[in-house]
Amino acid sequence: MALNNTLEPGLIWLNPTAADRNALFGQISEALLAKGIVEPSYPQALLLREQNHPTAMQLERLGVAIPHVDVEHVREERLAVVTCPEGMVFNQAEDPDLTMKVHVIFFLLLKEKDAHLEFLMKLIALFQQSDDMEKILHAASPEEVIQVLAAHLD
């Protein structure tokens, strides 16, 4: 799978105005549905998956989350990215009863069951590059985010 082919400016949101995680999930789901990237079952599957198996984790300088769903809810492989410089509250992956502020959210939209592992390995390598994560967080345009991601997803 060519991971760089999953990137497009229309799937990168910089500092959206969503009030909370569920509102953000609604906005992203609506956009993905309108583009035909996900199945109608995606919004509910996304909410349930994140409630039952939270994905937020703390990196060296910021928090990230990697919401994803089972492959049957996805029509086209993509990576959607949201930046929240002020942070948005998510439940922690390590302890779901605790919350934390997340600053960059990576929505994995994968069609192949085995693709999750490859994608996650690439993202984990990116997460270890604090300067690049800061570049993503403070990017002035979706194209700037893509430029940083492309170097890690080749």
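For what it's worth, numbering that gives the first Met the number 0 labels the leading residue of the sequence shown as 0, then goes sequentially.
Where is the CB? At the ideal position from N, CA and C, for every residue including glycine.
Just so we're clear, the structure is a prediction, and the values are computed from it rather than from any experiment.
Closest residue to residue i among the options (Cα-Cα distance)
i           : options           : result
residue 127 : 118, 58, 86       : 58
residue 102 : 48, 134, 46       : 134
residue 149 : 63, 52, 78        : 78
residue 92  : 24, 49, 106       : 49
residue 46  : 151, 19, 131, 114 : 19
Residue burial classification, residue i (beta-carbon count within 10 angstroms, cutoff 16)
i           : result
residue 11  : buried
residue 39  : exposed
residue 21  : exposed
residue 154 : In the structure as shown, the chain starts at 0 and stops at 153, and residue 154 therefore has no counterpart that could be examined.
residue 97  : exposed
residue 61  : buried
residue 123 : exposed
residue 88  : exposed
residue 170 : An answer regarding residue 170 cannot be provided, because it is not within the stretch 0 to 153 covered by the chain.
residue 90  : buried
residue 28  : buried
residue 116 : exposed
residue 104 : buried
residue 138 : buried
Distance CB(residue i)-CB(residue j) smaller than 7 Å
i           : j          : result
residue 68  : residue 44 : yes
residue 110 : residue 76 : yes
residue 136 : residue 54 : no
residue 14  : residue 84 : yes
residue 23  : residue 17 : yes
Anticipated Cβ contact below 8 Å, residue i with residue j, distance rounded
i          : j           : result
residue 73 : residue 108 : 5 Å
residue 80 : residue 37  : At roughly 16 Å, the Cβ-Cβ gap does not stay under 8 Å, so residue 80 and residue 37 are not in contact.
Contacts around residue i, its chain only, beta-carbon distance under 6 Å, and the 5 residues preceding and following it disregarded
i           : result
residue 141 : 8, 11
residue 86  : 100, 102
Any non-hydrogen atom of the ligand SAH within 6 Å of residue i CB
i          : result
residue 87 : The ligand SAH is not part of the structure shown, which contains no ligands of any sort.
7 Å Cβ shell around residue i - same chain, five flanking residues per side excluded
i         : result
residue 5 : 76, 77, 78
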